[in-house]
Amino acid sequence: MPSIIHSDQNPIYVCTPIQKWAHKHQIKLSTTAPRVEEPRLPNQVAESINAAIKDQFIKLVLKSNSFAFKQWRKTWPDPFKKLRIQNKIKNPTFRSFFFELMHLIKKATQNHFSPNFAAFKKKKSTPILLIFLFLRVANMQ
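Per the working numbering, the very first residue in the sequence shown carries number 1043; after that it's consecutive.
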């Protein structure tokens, strides 16, 4: 786990559940405050660093959990197994399978960290949330 996570002031990154999770894991959070004379530069630096960290974290998670993920993926309904990744993100049935079924949300949030799922339902956040949900379910088994 990192000791510090730096982000912009997007509400997704500074919401109370994230702060509680970071505190629990002894991670300090810092944010980039917009500056009047150069409002985009500090944010671009933070976003660039965050993208690199997120990319490496996803690769590490996928590599370390590839067998467990393959086993978990076998439990998906047959129509989902045949969809390409781009189609999975756009498919409303697939999205509802992961985001709106109460048993999955309860499983993913029954421990200590309960993110704001409405904030994570945006299409560009889907792969991250799927990995998050997988990790939460895998850690409970």
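All C-beta atoms, glycine included, are put in the ideal place defined by N, C-alpha and C. Computed from a predicted structure; not experimentally measured.
- With respect to the 8 Å criterion, Val1056 and Thr1074 are not classified as neighbours on the basis of their beta carbons.
- By the criterion of a C-beta distance shorter than 7 Å, Asn1133 is surrounded in its chain by Leu1125, once the five residues flanking it on both sides are discounted.
- The Cβ-Cβ distance between Ser1106 and Ile1069 does not fall below 8 Å.
- In the structure shown, the three-state DSSP call for Ile1054 is helix.
- When Ile1091, Leu1102, Trp1118 are compared, the shortest CA-CA separation from His1048 is found for Ile1091.
- The criterion of a C-beta distance shorter than 8 Å is not satisfied by Asp1120 and Glu1089.
- Across the structure, Val1087 and Val1103 are spaced so that their CA atoms are roughly 24 Å apart.
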